[in-house]
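Have a look at the structure below before the remarks.
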Amino acid sequence: MALTIDIINNVRGLFKYKHWDLSNGEGKLFDNFCKRLEIIPNLEDQKFIIELSRDFLCVEMVNVYENIQSVFFNISEDIYNRYDKITILPLSESICGNSQKTKSGQAYFYFLKSSDFFTWFDYFPNKFQFSDIININYIHPKKALFLIDDYVGSGETVKDIFLKVKSLYPTIDPNNFYVLAPYAQEAGIKYLKSEYNITVFTEVLRNKGITDNYKKELVPLYVHKMENIEDLISPKIKQGGLSLGFKRGEALIRLLNKTPNNTFPFYWFDTSTLQSPFPRRIKL
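For what it's worth, full-length UniProt numbering labels the leading residue of the sequence shown as 1, then goes sequentially.
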């Protein structure tokens with residue numbers, strides 16, 4: 001259905017509040033956002049999406065690089081003093097030496113490796129080293145692993161890589177295995193800590209868009225609204241186990257040219273006839 005003038009003005013107000021480009025440029029964000037709203041026949045549900053979107057975080061490159069550095073300052077000096085050596089690696093299966101699969105965390109790893117950032121840590125002389133590959137020399141009670149990524153969503157990627165490392169080096173202690181990510185979902189951090197005793201350090205902590213932001217008694221109503229909206233987009237969302245985002249993550253975030261699948265599919269799920277406002281990946 002065609003959007004009313006009031007809804008279009010509400011969307012314009014949202015874009016102004018979020019400092020999103022109204023000129024449409026590459027990606028046609030405004031057009032795609034409005035076209036996606038048009039498939040929602042209920043005016044109140046359209047307003048719900050606009051309201052929810054006020055908490056949507058679009059991360060620019062400069063913010064990622066600034067915040068990955070900030071994460072190091074969020075770590076207590078006690079942890080730094082606990083170890084003789086800290087090895088910094090990308091959070092990627094490639095560190096195990098048997099995968100060519102790349103992860104976005106590798107970009108931030110190489111950024112740190114090539115920067116002069118660690119001159120700030122001169123009071124920890126010779127504490128840090130960088131490595132692309134893990135080996136047995138890094139597995140020791142007095143040595144820590146810092147694995148770098150841009151974002152922790154459900155925690156499943158961290159879990160998979162930790163278990164792969166553990167299969168190679170069974171003596172590894174999860175207390176010495178840390179993940180550093182400038183952006184993270186609170187649910188993913190709690191999952192990793194409770195199930196695997198893995199600590200995640202972050203700069204920007206994100207909560208669930210509906211469950212954590214609405215009164216408890218209203219949560220089922222808004223979850224049902226979102227599920228109905230997903231059905232209007234494509235039945236493949238539920239069929240693929242992506243309702244409310246992967247692992248029902250309810251995330252509201254996009255990083256650079258990538259929208260994590262933890263984010264509500266309204267924002268990123270493309271169909272053959274309708275492009276999403278924030279596709280999973282676009283060319284920069």
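Note that CB positions come from ideal geometry on N, CA and C, so glycine has one too. Note that the structure is a prediction, hence the values are computed from the model and not measured.
Q) When the Cα atoms are used, what is the spatial distance from residue 235 to residue 71? A) Start at 1 with the first residue of the sequence shown, and residue 235 comes out as number 235. Start at 1 with the first residue of the sequence shown, and residue 71 comes out as number 71. The alpha-carbon atoms of residue 235 and residue 71 are separated by roughly 39 angstroms.
_Tell me the rounded alpha-carbon separation between residue 15 and residue 21._
Walking along the sequence shown from the start, residue 15 turns up at place 15. Walking along the sequence shown from the start, residue 21 turns up at place 21. About 7 angstroms.
Item checked: Residues near residue 283 by beta carbon distance below 6 angstroms, same chain, minus five either side -> Residue mapping note: residue 283 aligns to position 283 of the sequence shown, counting from 1. Residue confidence is low: residue 283 scores 47 on pLDDT, short of 50, so the model does not pin down where it sits. No coordinate-derived value is stated.
| task | Using three-state DSSP, classify residue 221 as helix, strand or coil. | result | Walking along the sequence shown from the start, residue 221 turns up at place 221. Residue 221 falls in the helix class under three-state DSSP.
* To do: Would you kindly check if the distance between the Cβ of residue 177 and the Cβ of residue 145 is under 8 angstroms?
  => By one-based count along the sequence shown, residue 145 stands at place 145. By one-based count along the sequence shown, residue 177 stands at place 177. Yes.
Which first and last residues belong to the alpha helix (DSSP H) in which residue 187 is found? The count along the sequence shown starts at 1 and reaches residue 187 at position 187. Residues 186-196.
Margin query: Below 8 angstroms on the Cβ atoms is my contact criterion, and I expect residue 89 with residue 103 to pass it. Report the Cβ-Cβ distance as a whole number of Å.
Written below: Your numbering for residue 89 matches position 89 in the sequence shown. Your numbering for residue 103 matches position 103 in the sequence shown. At roughly 11 angstroms, the Cβ-Cβ gap does not stay under 8 angstroms, so residue 89 and residue 103 are not in contact.
Query - Collapsed DSSP secondary structure at residue 283 in the structure displayed - result: Here residue 283 refers to the residue found at position 283 when the sequence shown is read from its first residue. The predicted position of residue 283 is uncertain, since its pLDDT is 47 and thus under 50; a value taken from the coordinates is nonetheless stated next. Three-state result, residue 283: coil.
- Uninterrupted beta strand (DSSP E) stretches inside the segment 123-205 (no shorter than 3 residues): 128-130, 143-148 and 177-185
Inter-residue Cα distance where the pair is residue 214 and residue 208:
Your numbering for residue 214 matches position 214 in the sequence shown. Your numbering for residue 208 matches position 208 in the sequence shown. Cα to Cα, residue 214 sits roughly 10 angstroms from residue 208.
Is the segment 59-76 touching the segment 171-187, taking contact as three or more C-beta pairs under 8 angstroms?
yes
Helix, strand or coil for residue 263 per DSSP?
Residue 263 sits at position 263 when you count from the first residue of the sequence shown. Residue state, collapsed to three classes: strand.
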